[in-house]
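> Take a look at this one; I'll ask things after.
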Amino acid sequence: MAIGLHDSSIKNPVIRWVDQRLPVFTMMQKEYGTFPTPRNFNYFWNFGALAMVTLMIMIATGIFLAMNYTPHTTYAFDSVERIMRDVNYGWLIRYVHMNGASMFFIVVYIHIWRGLYYGSYKAPRELLWILGVVIFLLMMATAFMGYVLPWGQMSFWGATVITNLFSAFPIVGEHIVTWLWGGFSVDNPTLNRFFSLHYLLPFVIAGVVFLHVAALHITGSNNPLGIDPKGPQDTLPFHPYYTAKDSVGLIVYFIVFASLVFFAPNYLGHPDNYIPANPLVTPAHIVPEWYFLPFYAILRAVPDKLGGVLLMFGSIAVLFILPWLDTSPVRSMRFRPIAKWTLFLWLIAFFVLMWAGGKPAEEPYVTISRIATAYYFAYFLVILPLLGRLERPLSLPESIALPVLRGGGPMPAGAVAKPMEKA
Amino acid sequence: MAETMVPAGAPHGAAHGPTPDGGTRRDFLVLTTGAFAAVGVGAVVWPFISSMNPARDVLALASTEVDLTPIAVGQAVTVVWRGKPVFVRHRTAEEIQVARATPLSELKDPQPDQARVQKDQWLVVLGVCTHLGCVPLGQKPTDAKGNYNGWFCPCHGSHYDTSGRIRQGPAPLNLAVPAYSFMSDTQIRIG
Amino acid sequence: MRDLKRGFRNLVGAMALGAAALGMATPAQAAGEAIAIPNANFSFAGFFGTYDRGSAQRGLQVYKEVCSACHAMHLLSYRNLLEIGLSEDQVRALAASFTVTDGPNDLGEMFERPARLSDRFRRPFPNELAARAANNGAYPVDLSVITKARADGANYVRALLTGYVEPPEGFVVAEGMNYNAYFPGHQIAMPAVLNPDQVEYADGTAATVDQMARDVATFLAWAAEPEAEQRKAMGVRIILFLIVLGGLTYAVKRKIWADVAH
């Protein structure tokens, strides 16, 4: 081996020549080939890969849509309809992009749920989790700005309402809103900058995803038992085991995705967004896209303007400190008999908020939203910190391989709630 | 289920290497699946490529209709077809006669005038110089028409005659005749 | 295997719960005062539905002779009509019966000429203000995507056009408004425009109000989603392909995992 060249184990001479100088193939082999992965993943562990694929689909379809879209208040609506009618396969590309946003959120919500249930946010994966929350925030910003681009009624009024959130801040609020708009109302400058940022942010997301994956490959994956692999008997190489398993999930995912795109492309959308934006008439009942509904419900649950805005942002912000709020050393909810049910209750509160967010801001929905909001926060701020001390977890298995190799028999005794060695 | 007890973890025989019965069957399965997936990926790529081809509204403008009534003898009009100028010239009898009388041997790109028109008095050519794509002069009465009373390209000095044929200068070919048809005596459709 | 099944069960359960929440949330978005829209059982409803060409052509006639006096369809071009089964000559003749403004010509002036295939549908009014001025302040909406812009669009359009009935006792209809059973709020500026035999169908179909409403709803549904037939056909093929590919992939996965205890 020449000095300064990477010691490549690749046989093919051409690839080897490249690999010696830029060891991307060695890296791929290490990170996606032989990468030791816990052997006991269930199908919840598909959703990281699904999110990655969805991001790529969104970027690809988005680039081709941008080739035909005109970011101007006069032309935006018609240019989108021109894509639907005149551009070859334009309808397909647009419907994939439009429903892709919904699919992305479905996938990411399940991915987050997986993390909550199996304690993937706990040490040593705190930063991994925080990067994930950053991705989620960026996704929300991107989705919001993308929804403005067709310049329909919901686009316009959604943009107006959401940007007005910032007016809740005292003194600087109005200035921030004017700055966001680039004018005195949502208008052409707003549309232009939203288009620019909507094109930019997905690449920022891709960058943070890279960091997210890099951090994952330092700590290794969590698993349904939440205990650390103790040796090679507890892991499998990522390829072919998990490439095969992810592929199965991917095809199932595509079937769901395709059903939406081809047979109910507007089901998750709102008819009002096919009415061109009219700055003088607000639709009778304006609602955000479904994936924002839980947060919208939290916003409306508070009678105070600033309070509502702070609480809404707080509902995401609380996720950043979650690794330190949950005081239990046990990761997987399988071994936390009480916390498990409080988490299921949290999930129900989340869905209740989603449902209430789509209802008009009147009774009984406001009260229901308030109760669900209270529980949403109580789970993170009260229940998790206390339960870590009060709850007596079930005994943890000795290792990942043992119970399965014994044919799933009873757990070995003596492993009573032993804190994880790395935690 | 657990009888094999392979040392799990390392890339062991379960993943690679033929097992007594399963090896070829798995290879076949993997190949078939891979082929299917490749077809799928190929099919996904096509709509993206296709979307960059001219859209249907662009293709709809690919034909232009021209009303010939207002063009007097000796006059010419320029119409836009596919974003490019098309010269429609109502030729005088003298211009036709000159074009017909020119022997083919004098031409750089030999083509009889009869092959370039559908009706003698109407010459329809693409107004794009065959040298490097400039628009030749000669449409307006005040324009320089070149040495052959047709068109003159100011970019590099190509001269075209009353049949739009190249007679002098660097251009290699005659002005192109687009596909067109007479819808009536006074109306043509280009494209 | 036990863990696997359990994980899968959790997953399916969570997704079902989410779907249920979504399902409840979606119709709620269209809330307000809920008015039940009767289902007209259109030929194009459902997974395999296609547009009834005859009905769409009759609907075009209704639009042309009745609606187009006030309602524009500015996203459509005459060439689009080839898709509902009209011949090129028919569409050409239809387009030529309208005059559009073109220009400027060599003198810098706009001029009028008969419409061509590539022209957009002629608008009845030059702009929204003109439309309002001519209609008592009400704006006759553009109908290009109307069935996408209303919940249950095609059924709604048909219901609306047949929904002009006597107001219930005590219901006060404002000056210049009309009572409609299916319009949100029940007061609509548009009068009942369809009367029996308002148009004369070339194919001999009896022009009842319901027939005309159905036909024009079909035409508008096609106008809003001209890609629907191609979309559904492609969807069927793609999903069948994915099912086969999914089966193969699952078989590969089973094979690969066959020797691993899990």
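Protein chains in written order, with UniProt numbering: chain A, 1 to 423; chain Z, 1 to 191; chain E, 1 to 262. From the three backbone atoms N, C-alpha and C, an ideal C-beta is built for every residue, glycine too.
1) Do G49 of chain E and S43 of chain E have their C-beta atoms closer together than 7 Å?
2) Rounded to whole angstroms, what's the CA-CA distance from L248 of chain E to P47 of chain Z? Just pull it up for me.
3) I'd like to know if V18 of chain A contacts chain E, where contact means its C-beta is closer than 7 Å to some C-beta of that chain.
4) If you reduce the DSSP assignment to three classes, tell me which class S97 of chain E lands in.
5) Relative to chain Z, which residues along the region 232-256 of chain E have a C-beta separation below 9 Å, given in chain order?
6) For R150 of chain E, which residues in chain A fall below 7 Å Cβ to Cβ?
7) Give me the Cα-Cα distance between A93 of chain Z and R53 of chain E, rounded to the nearest whole angstrom.
8) Assuming S68 of chain E and R120 of chain E make a contact with CB atoms under 8 Å, what is their CB distance in whole Å?
9) Out of Z:G157, Z:A38, Z:G127 and Z:V39, state which residue places its alpha-carbon closest to the alpha-carbon of P85 of chain Z.
10) If you draw a straight line from the C-alpha of K253 of chain E to the C-alpha of V248 of chain A, how long is it?
11) Looking at the structure shown, is Y160 of chain Z part of a helix, part of a strand, or coil, going by DSSP?
12) F64 of chain A versus chain Z: which residues are under 9 Å apart at the beta carbon?
13) May I have the straight-line CA-CA distance separating L22 of chain A from L61 of chain Z, to the nearest angstrom?
14) Rounded to whole angstroms, what's the CA-CA distance from A8 of chain Z to G357 of chain A? Just pull it up for me.
15) Could you list which residues in chain Z have their beta carbon closer than 8 Å to that of M67 of chain A, in chain order?
16) Whose CA, out of A:R370, A:T219, A:R300 and A:P229, lies closest to the CA of L396 of chain A?
17) On the three-state DSSP scale, how would you describe F152 of chain Z?
18) So what's E65 of chain Z in DSSP terms, helix, strand or just coil?
19) Whole angstroms is fine: what's the gap from A297 of chain A's alpha carbon to N155 of chain E's?
20) What residues from chain A crowd round P196 of chain E, counting only those whose CB sits closer than 7 Å?
21) Report the option in E:G163, E:D142 and E:I188 whose CA atom is closest to the CA atom of E175 of chain E.
22) Please list the residues of the region 150-166 of chain A that have a C-beta atom closer than 7 Å to any C-beta atom in chain E, keeping them in chain order.
23) In the DSSP assignment, find the unbroken beta strand (DSSP E) run with R167 of chain Z in it and report its ends.
24) Assuming V199 of chain E contacts V62 of chain E under a Cβ cut-off of 8 Å, what Cβ separation, rounded to an integer in Å, is found between them?
25) Does N192 of chain A have its Cβ less than 7 Å from a Cβ in chain Z?
26) Pop quiz: residue 428 of chain A and P337 of chain A are said to be a contact at Cβ under 8 Å. What is the actual Cβ separation, rounded to whole angstroms?
27) In whole angstroms, give me the CA-to-CA distance for H111 of chain A and G48 of chain A.
28) Give the residues of chain E in contact with G40 of chain Z, contact being defined as C-beta atoms less than 7 Å apart.
29) Which bits of chain A does A55 of chain Z rub up against, with CB to CB less than 8 Å?
30) How would you list, in chain order, the residues of chain Z whose beta-carbon sits under 8 Å from the beta-carbon of I93 of chain A?
31) Using a 10 Å radius around the Cβ and a threshold of 16 neighbouring Cβ atoms, would you call D106 of chain E buried or exposed?
32) For A36 of chain E, count neighbouring C-beta atoms within 10 Å of its own C-beta (all shown protein chains included) and say buried if the count is 16 or more, exposed if not.
33) Exposed or buried, which one is N12 of chain A when buried takes at least 16 other CB atoms within 10 Å?
34) For T24 of chain Z, count neighbouring C-beta atoms within 10 Å of its own C-beta (all shown protein chains included) and say buried if the count is 16 or more, exposed if not.
35) What residues in its chain sit with their C-beta under 8 Å from that of L149 of chain A, if we drop five residues either side in the sequence?
36) Mind listing which residues of the region 21-49 of chain A have their C-beta closer than 7 Å to chain E's C-betas, in chain order?
A quick look at the data gives this:
1) Residue numbering aside, residue 49 of chain E sits at position 49 when the third sequence is read from its first letter. Residue numbering aside, residue 43 of chain E sits at position 43 when the third sequence is read from its first letter. It is a contact, given that the beta carbons lie within the stated cut-off.
2) Position 248 of the third sequence, counted from the start, is the residue given in the question as residue 248 of chain E. Position 47 of the second sequence, counted from the start, is the residue given in the question as residue 47 of chain Z. Near 25 Å, if we compare the C-alpha coordinates of P47 of chain Z and L248 of chain E.
3) On the first sequence, position 18 is the one that residue 18 of chain A refers to. At a cut-off of 7 Å, the C-beta of V18 of chain A has no neighbouring C-beta in chain E.
4) Here the question's residue 97 of chain E lines up with position 97 in the third sequence. Three-state result, S97 of chain E: coil.
5) Correct list: I238, F241, L242, V244, L245, L248, T249, A251, V252, K255 and I256.
6) Along the third sequence, one-based indexing puts residue 150 of chain E at 150. Those within 7 Å of R150 of chain E in chain A are P271.
7) The count along the second sequence starts at 1 and reaches residue 93 of chain Z at position 93. The count along the third sequence starts at 1 and reaches residue 53 of chain E at position 53. The alpha-carbon atoms of A93 of chain Z and R53 of chain E are separated by roughly 52 Å.
8) Mapped onto the third sequence, residue 68 of chain E falls at position 68. Mapped onto the third sequence, residue 120 of chain E falls at position 120. Not a contact, Cβ separation roughly 13 Å.
9) Counted from its first residue, the second sequence places residue 85 of chain Z at position 85. Taking only the C-alpha atoms, the option nearest P85 of chain Z is Z:G127.
10) On the third sequence, residue 253 of chain E is found 253 positions in, with the first residue counted as 1. On the first sequence, residue 248 of chain A is found 248 positions in, with the first residue counted as 1. Taking the straight line from one Cα to the other gives about 7 Å.
11) Counted from its first residue, the second sequence places residue 160 of chain Z at position 160. Look at Y160 of chain Z here: in three-state DSSP terms it is strand.
12) One-based indexing of the first sequence puts residue 64 of chain A at position 64. Within 9 Å of the CB of F64 of chain A, the CB atoms of chain Z belong to P47, F48, S51 and M52, in sequence order along the chain.
13) By 1-based counting over the first sequence, the position of residue 22 of chain A is 22. By 1-based counting over the second sequence, the position of residue 61 of chain Z is 61. Rounded to whole angstroms, L22 of chain A to L61 of chain Z spans 51 Å at the Cα level.
14) Along the second sequence, one-based indexing puts residue 8 of chain Z at 8. Along the first sequence, one-based indexing puts residue 357 of chain A at 357. With a pLDDT of only 40 at A8 of chain Z, under the threshold of 50, the placement of this residue in the model should not be trusted; the figure read from the coordinates follows. So the alpha carbons of these two residues sit roughly 49 Å apart.
15) Residue mapping note: residue 67 of chain A aligns to position 67 of the first sequence, counting from 1. By Cβ distance, chain Z contributes S51 and M52.
16) As a working mapping, residue 396 of chain A is identified with position 396 in the first sequence. Ranking the options by Cα distance to L396 of chain A, first place goes to A:P229.
17) Working through the second sequence from its first residue, we reach residue 152 of chain Z at position 152. Of the three classes helix, strand and coil, the one that applies to F152 of chain Z here is strand, per DSSP.
18) By 1-based counting over the second sequence, the position of residue 65 of chain Z is 65. E65 of chain Z: strand per DSSP, three-state reduction.
19) The sequence position of residue 297 of chain A within the first sequence is 297, counting from 1. The sequence position of residue 155 of chain E within the third sequence is 155, counting from 1. Those two C-alpha atoms are separated by around 31 Å.
20) As a first step, residue 196 of chain E must be located in the third sequence, where it is residue number 196. Here the premise fails: no neighbours, minimum Cβ distance about 31 Å.
21) Reading the third sequence from its first residue, position 175 is the one you call residue 175 of chain E. Out of E:G163, E:D142 and E:I188, E:I188 has the C-alpha closest to the C-alpha of E175 of chain E.
22) So the list is empty, because no residue satisfies the distance condition.
23) Reading the second sequence from its first residue, position 167 is the one you call residue 167 of chain Z. Counting along the chain, the beta strand (DSSP E) containing R167 of chain Z begins and ends at I166 to Q168.
24) Here the question's residue 199 of chain E lines up with position 199 in the third sequence. Here the question's residue 62 of chain E lines up with position 62 in the third sequence. Their Cβ separation, rounded to whole angstroms, is 6 Å, which keeps V199 of chain E and V62 of chain E in contact under 8 Å.
25) Mapped onto the first sequence, residue 192 of chain A falls at position 192. No, its Cβ sits nowhere closer than 7 Å to a Cβ of chain Z.
26) Outside the displayed range of chain A (1 to 423) lies residue 428 of chain A, so it cannot be described from this structure.
27) Reading the first sequence from its first residue, position 111 is the one you call residue 111 of chain A. Reading the first sequence from its first residue, position 48 is the one you call residue 48 of chain A. Between H111 of chain A and G48 of chain A, the alpha-carbon positions lie close to 6 Å from each other.
28) As a working mapping, residue 40 of chain Z is identified with position 40 in the second sequence. Simply F241 and L245.
29) Start at 1 with the first residue of the second sequence, and residue 55 of chain Z comes out as number 55. Ordered by position in chain A, the residues that pass the 8 Å Cβ test against A55 of chain Z are N68, R82, D86, V87, N88 and G90.
30) Here residue 93 of chain A is taken as the residue at index 93 of the first sequence, counted from 1. P47, F48 and S51, listed in chain order.
31) For the purposes of this step, residue 106 of chain E is taken as the residue at position 106 of the third sequence. Answer is exposed; the Cβ neighbour count stays below 16.
32) The residue you call residue 36 of chain E lines up with position 36 of the third sequence. That one is exposed.
33) As a working note, residue 12 of chain A is residue 12 in the first sequence. Result: exposed.
34) Indexing the second sequence from 1 puts residue 24 of chain Z at position 24. T24 of chain Z counts as exposed, since fewer than 16 other beta carbons sit within 10 angstroms of its beta carbon.
35) Indexing the first sequence from 1 puts residue 149 of chain A at position 149. The beta carbon of L149 of chain A sits closer than 8 Å to the beta carbons of Y69, P71, A76, V80, S155, L191, F194, F195 and H198 from its chain, once the five residues preceding and following it are set aside; these are given in chain order.
36) Along the region 21-49 of chain A, the positions whose C-beta sits under 7 Å from a C-beta of chain E are R39, N40, N42, Y43 and F44, read in chain order.
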